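> Structure provided below as structure tokens; questions to follow.
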Amino acid sequence: RTMRLRDVFNLQVGSQIMFNATPESMVEMRCGDVIMYNGRMGRKGDRIAIQIEDRIAKTKGT
12 RTMRLRDVFN LQVGSQIMFN ATPESMVEMR CGDVIMYNGR MGRKGDRIAI
62 QIEDRIAKTK GT
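Listed below in structure tokens is the structure:
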């Protein structure tokens with residue numbers, strides 16, 4: 012499922028985001044239609060996190 016940046020900006024304290032993923036699930040982090048990173052869902056303390064596995068997109072000059 013895609014979440015638009017404007018929806019992220021509208022999140023408030025107590026808002027919930029449901030993920031259809033397990034800790035073993037691979038996820039894609041995108042900017043528009045460009046896949047930037049691949050990673051795995053996880054937790055850091057009481058927060059949801061994504062561990063970056065692969066950097067896909069290259070920035071200018073790299």
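Residues in the sequence shown are numbered consecutively from 12, following the working numbering. Glycine included, every Cβ here is placed at the ideal spot set by N, Cα and C. Here the structure is a predicted model, which means the values were calculated and not measured.
#1: Tell me residue 50's beta-bridge partners as DSSP assigns them.
#2: Look at the alpha carbon of residue 59 and the alpha carbon of residue 34, and state the distance between them as a whole number of angstroms.
#3: Straight-line CA distance for residue 52 to residue 21?
#4: Helix, strand or coil: how does DSSP classify residue 58 here?
Taking the coordinates as given:
#1: 38 and 63
#2: 10 Å
#3: 23 Å
#4: strand
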